[in-house]
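Counting from 1, one number per residue, gives the positions in the sequence shown under the numbering used here.
Don't be surprised by glycine CBs; every beta carbon is placed ideally from N, CA and C.
Predicted model only: the values in this text are computed from it and were never measured.
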Amino acid sequence: MKQPVYIIWKLIVIEALIIGFQSLLYFGSELLQHNFHDVSRPVDRRIPLVPAWVFPYFLWYPVLAIFPFTLYFFSREDYIISQVAWLVAVVVSTVIYLVYPTTFDRPKPPNTFSGRFLVWIYKASFRGINCAPSLHCSTSFIILAVSLGAAELPLVARVVFAVIAVGIVIGTLFTKQHVVIDVVSAIPIAVLGLSVGWSVVSQGLTEAILGPLGL
């Protein structure tokens, strides 16, 4: 029987590798992009900047690490679905970023605690590009769908993750990190990723994937 500590360390390494892979593609693609397209529309000017939404938005980072751990210990199939969907979303989004580079002008946040935190978030996004489709939104839609569909996950966990996922998506708009088209274009990316993930699991490949990984 595998020891829990052994499994946890394995999961940590796997998540670190996936996050590293995402970061490499995301930030690496920024170095190759030119001739940007402004994807903002009149509807986006109707959405106000609300710096306090930076806090729900920021939850994306810990949730991206915590959610897979939770899934693994309750539903290995849903764990595979989410991880495969995540990887598909990253790869497809990166291709789109390279083919059709996007950006838009962000407003200057106020000099408040949440405003300064938001400025830090802006700077952390490197060049402020890779807007559509939003990876924050596509991965949040994946978390939302898997949370609602994971019957073996405790109800409290399902509700918490689902609410946080919705909050992150809303946060991308009110922090002006993304515009409406970024959110909308993330939906088919999430659907594609989930479809591939469900296909992998439906073919009985869960153990074929986890076994060689020592899980």
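| said: What would DSSP say about LEU38, mapped onto helix, strand or coil? | reply: Counting from one through the sequence shown, the residue named residue 38 turns up at place 38. The amino acid at residue 38 is misidentified as Leu; the sequence shows Asp. Strand at ASP38.
| query | What is the rounded straight-line gap between the Cα of HIS136 and the Cα of THR172? | reply | As a working mapping, residue 136 is identified with position 136 in the sequence shown. As a working mapping, residue 172 is identified with position 172 in the sequence shown. Going by the C-alpha atoms only, they are around 8 Å apart.
| query | Residues in its own chain within less than 8 Å of ILE8 by CB, not counting five upstream and five downstream? | reply | Taking the first residue of the sequence shown as 1, we reach residue 8 at position 8. Correct list, in chain order: PHE69.
| task | Look at the alpha carbon of VAL196 and the alpha carbon of TRP86, and state the distance between them as a whole number of angstroms. | result | In the sequence shown, the residue the question calls residue 196 occupies position 196. In the sequence shown, the residue the question calls residue 86 occupies position 86. Approximately 10 Å, taken between the alpha carbons.
| task | Tell me where the alpha helix (DSSP H) around GLU77 begins and ends. | result | The residue you call residue 77 lines up with position 77 of the sequence shown. Segment 76 to 99, the alpha helix (DSSP H) holding GLU77.
| field | Rounded separation between TYR6 and ILE143 - CA only | value | The sequence position of residue 6 within the sequence shown is 6, counting from 1. The sequence position of residue 143 within the sequence shown is 143, counting from 1. Using only the alpha carbons, I get a separation of about 25 Å.
| message | Does ALA186 pass the burial test, meaning 16 or more other C-beta atoms within 10 Å, or should it be called exposed? | response | Within the sequence shown, numbered from 1, the residue matching residue 186 stands at position 186. ALA186 comes out buried.
| Length of the line joining the Cα atoms of ARG41 and THR175 | The residue you call residue 41 lines up with position 41 of the sequence shown. The residue you call residue 175 lines up with position 175 of the sequence shown. Rounded to the nearest angstrom, the two C-alpha atoms are 16 Å apart.
| field | Alpha-carbon spacing of ALA16 relative to PHE74, whole angstroms | value | As a working mapping, residue 16 is identified with position 16 in the sequence shown. As a working mapping, residue 74 is identified with position 74 in the sequence shown. Between ALA16 and PHE74, the C-alpha separation is close to 21 Å.
| task | Could you tell me the distance, in whole angstroms, from the CA atom of THR94 to the CA atom of GLN33? | result | Along the sequence shown, one-based indexing puts residue 94 at 94. Along the sequence shown, one-based indexing puts residue 33 at 33. Each residue's alpha carbon lies about 11 Å from the other.
| field | Rounded C-alpha distance that separates VAL92 from PRO109 | value | As a working mapping, residue 92 is identified with position 92 in the sequence shown. As a working mapping, residue 109 is identified with position 109 in the sequence shown. Cα to Cα, VAL92 sits roughly 31 Å from PRO109.
| message | Would THR102 and HIS37 qualify as a contact pair, given that the criterion is a beta-carbon distance under 7 Å? | response | Counted from its first residue, the sequence shown places residue 102 at position 102. Counted from its first residue, the sequence shown places residue 37 at position 37. Yes. Within cutoff.
| query | Under a three-way DSSP split, which group does THR70 fall into? | reply | Here residue 70 is taken as the residue at index 70 of the sequence shown, counted from 1. Three-state result, THR70: helix.
| Closest Cα partner of ALA151 within the set TYR26, ALA132, ARG76, LEU59 | If you number the sequence shown from 1, residue 151 lands on position 151. ALA151 has its Cα closest to that of ARG76, out of TYR26, ALA132, ARG76, LEU59.
| task | Select from TRP60, TYR122, ARG106 the residue whose C-alpha is nearest the C-alpha of ALA162. | result | Here residue 162 refers to the residue found at position 162 when the sequence shown is read from its first residue. Out of TRP60, TYR122, ARG106, TRP60 has the C-alpha closest to the C-alpha of ALA162.
| request: State the DSSP-derived secondary structure class of MET1, mapped to helix, strand or coil. | output: Within the sequence shown, numbered from 1, the residue matching residue 1 stands at position 1. Residue confidence is low: MET1 scores 46 on pLDDT, short of 50, so the model does not pin down where it sits. Its coordinate-derived value is still stated next. MET1: coil per DSSP, three-state reduction.
| field | Short Cβ contact (7 Å threshold) for VAL39 with ALA190 | value | On the sequence shown, position 39 is the one that residue 39 refers to. On the sequence shown, position 190 is the one that residue 190 refers to. No.
| message | My output table needs one value for THR102: the three-state DSSP class, helix, strand or coil. | response | The residue labelled residue 102 in the question sits at position 102 within the sequence shown. Note: THR102 maps to strand in three-state DSSP.
| message | Buried or exposed for TRP120, going by 16 or more other Cβ atoms inside 10 Å? | response | Locating residue 120 in the sequence shown gives position 120, counting from the first residue. Looking at its Cβ environment, which holds fewer than 16 other Cβ atoms inside 10 Å, TRP120 is exposed.
| said: Among ILE81, VAL88, ARG116, whose alpha-carbon lies nearest the alpha-carbon of SER202? | reply: For the purposes of this step, residue 202 is taken as residue 202 along the sequence shown, with counting starting at 1. SER202 has its Cα closest to that of ILE81, out of ILE81, VAL88, ARG116.
| Chain-order list of residues whose beta-carbon lies under 7 Å from that of LEU217 (same chain, five-residue window excluded) | Only positions 1 to 215 of the chain appear in this structure, which leaves residue 217 out of reach.
| Would you call TYR72 buried or exposed, if buried means 16 or more other Cβ atoms sit within 10 Å of its Cβ? | Against the sequence shown, residue 72 aligns to sequence position 72. With 16 or more other Cβ atoms within 10 Å, it is buried.
| message | One question on the structure: do SER147 and VAL183 come within less than 7 Å of each other, judged by their Cβ atoms? | response | Working through the sequence shown from its first residue, we reach residue 147 at position 147. Working through the sequence shown from its first residue, we reach residue 183 at position 183. Contact: no.
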